[in-house]
Structure formats: C-alpha cells, structure tokens
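Data first, discussion second: the structure below is written as structure tokens.
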Amino acid sequence: MRTSYTAGPDIHVLPSALPIPGLGDQPVNAFLVRGGEPLLIDAGMPVDREGFLEALWALVDPADLRWVAITHDDRDHTGALLRILEAAPQAKVITNAISLTRISEEFTIPPDRVVTANPGNRIKAGDRELSFHRPPTFDSPGTLAVLDHSNGTLYSSDSFGTVLPEIGQDFAELSEKEFFDGFDVLNRAIAPWTALADEAKFTDSVSHLARLRPERLLSAHGPTVRGRAVERLFTAMTRIPALPAWLPGADLDLEAALDAHEAAAAGQ
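Remember, the working numbering sits 863 above the position in the sequence shown when you count from 1.
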C-alpha cells in the first residue's frame, strides 16, 4: 500500500501498485467517499489486505461504513471485501449479479447485504445518487462504472487506466507521453477483444460516458483526472479499436504479474 491522498472533497484514494515486468507499475486504487453514508468503491488486492484495512479504518469507523460498490470481481478489486463486511455490519455491497456469482466462488455474501445493479440502473445511497454504466474497456462481463451525481465523479473501474514508469497522483503531474503510451497498452491488454470490435459501436460506448459530462474521472488503474483532461481521455479511448492488438510475451502476462507480486509479498 501507498499513502492515502484526496482526489476531491471527501474523496480519499487508497492506492497501491502492481509491478508489470518490462512496462512499469500499474496503479491499483480503491476509493472512499465520506459523508452521511460513507461509500467504498472496490476493496484492494489480497496481497495488501492488512495495509488496506489499516488505511481504510483510519479514514472511517467500520460501524459507519454503509456501502461497498464492487466494480467487478477481479482479485485486485475484492481483496479485503470479506474482512470489510465482517467489520462493518451495516455495509451493503452494490455489484452486478455476474460479479456476485463469481465472488461467491470464494465466499458467500448474505442476500440481505447485497444490492444488484446493471448498466442503466440508479441507486440512492444516502444523499448520493449513483448511476451505473458499462465502461468502454473491461475484462469481466459484470464490470460497472459508477457515476456519483452529487459531485460529478466517474469511477471507471479498469477502463481509462495506464501503466507508468513512476506512478503519480494527478494527471497534470505526469508526462503525457508516458501516460498515453501506458494507456494504449493497458486498455488493450484488459480488453483484447477491442481489436475485433466495430469501431462505430465502440465509439458510441465512449460517447455515452462523455455525455454524462463528469467533472472528475477516477480509474482503478490511473491518476486523478479533472476538467478538460477528462475529454482528452475519452478521445484517446476512441482510438483503441484501431490500434494493433497488444500481444504480451510470457513475461508480460498481467495475471502472472499479480501472482508474482503476491508471492513476493508473502515471502517478506
């Protein structure tokens, strides 16, 4: 785990990183939104579980946490979920039914603690209204992007992420070339099917999010992006299907990198 920081009023980033051999570091972020009914977006990597929980409970009392939105079922989004639900008895999980089914391969979440959401749904979470959308790139059919209408923040799950030689907190602080080079790699790596996608239909999916006019974009795998820079990421995403398919070598397999990272941490 890295040191938590803020991405906006009451928005706290719980950051980590996954080393990708030959490319750099992939940011791995979860987000805590404090307020009347605190909301957690995703739950970190298993390898970071203890550090993640320490950072989370330093920001919110477990008794106060009300919502945990899981954007999809990958391990780097669900690592501390069971422990969070054990510690936070009032928290309910918001996720897609497909993600819930896959999470249930590891542990069962009681039905009365789950609210299922599909793209197009809206949910009231205290004084917040959340809408759910299918992001342009994804590696799980249950993936959801979440728009918080109270502050215009789009939580885009894996989509719009990047791999960087050195991770930064804010898009404005980074080399744009390095950001977009890593952006082109990651968004093809998590969604190799984009090479087969109809470009017009793919662009429509990007345009759907652009029409929401988010003021802030927070990817699970990227820095904070604000204002006009959000539009630049939408534009960059429309190019993904036209790029050659990204085919990693054996040493650049993302799942293998996660396994290696966990093994190294376990040996410490």
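For glycine and all other residues, C-beta sits at the position ideal for the given N, C-alpha and C.
With 16 as the cutoff for other CB atoms within 10 Å, does residue i come out buried or exposed?
i       : result
Ala1035 : exposed
Lys955  : buried
Asn981  : exposed
Gln889  : buried
Pro1004 : exposed
Phe894  : buried
His1124 : Residue placement at His1124 cannot be trusted, given a pLDDT of 49 that sits under 50; what the coordinates show is reported in the next sentence. When all chains shown are included, His1124 counts as buried.
Gly1085 : buried
Phe868  : According to the sequence displayed, residue 868 carries Tyr and not Phe. Tyr868 comes out exposed.
Arg1051 : buried
Phe1065 : buried
Pro999  : buried
Grab me the residues of residue i's own chain with a C-beta within less than 7 Å of its C-beta, minus the 5 sequence neighbours each way, in chain order.
i       : result
Ser879  : Met864, Arg865, Val891, Gly907, Met908, Asp911
Val1048 : Leu886, Val1026, Trp1109
Compute the Euclidean distance between the alpha carbons of residue i and residue j, then round it to the nearest angstrom.
i       : j       : result
Asn1014 : Glu1078 : 8 Å
Val876  : Leu1010 : 16 Å
Asp1114 : Val977  : Because the pLDDT of Asp1114 is 40, which lies under 50, any placement of that residue in the model is unreliable, and the number read from its coordinates should be weighed accordingly. Their Cα atoms are separated by approximately 38 Å.
Thr1101 : Val1069 : 7 Å
Glu992  : Asn984  : 10 Å
Ala950  : Gly899  : 19 Å
Leu963  : Asp936  : 7 Å
Trp1109 : Pro1055 : 7 Å
Pro884  : Glu1029 : 13 Å
Leu1072 : Leu886  : 28 Å
CB-CB under 6 Å to residue i, same chain, minus the five flanking residues each way: which ones, in chain order?
i      : result
Thr979 : Ala960
Ala932 : Ile904, Ile957, Val1009
Could you name the residues of the same chain whose beta carbon sits closer than 8 Å to that of residue i, not counting the 5 residues immediately before and after it, in chain order?
i       : result
Leu1167 : Residue coverage of the chain in this structure runs from 864 to 1131, which leaves residue 1167 outside it and unanswerable.
Is residue i close to chain B? Criterion is C-beta to C-beta, closer than 9 Å.
i       : result
Glu1029 : The chain inventory of the structure shown lacks chain B, comprising one protein chain alone.
Inside the segment 926-954 only - beta strand (DSSP E) runs reaching at least 3 residues: 930-932
May I have a chain-ordered list of the alpha helix (DSSP H) segments no shorter than 4 residues that lie completely inside the segment 1012-1055? The alpha helix (DSSP H) runs lying completely inside the segment 1012-1055 and spanning 4 residues or more are 1039-1052, given in chain order.
Ignoring anything shorter than 4 residues or poking outside the segment 891-928, list the alpha helix (DSSP H) runs there in chain order. 912-922
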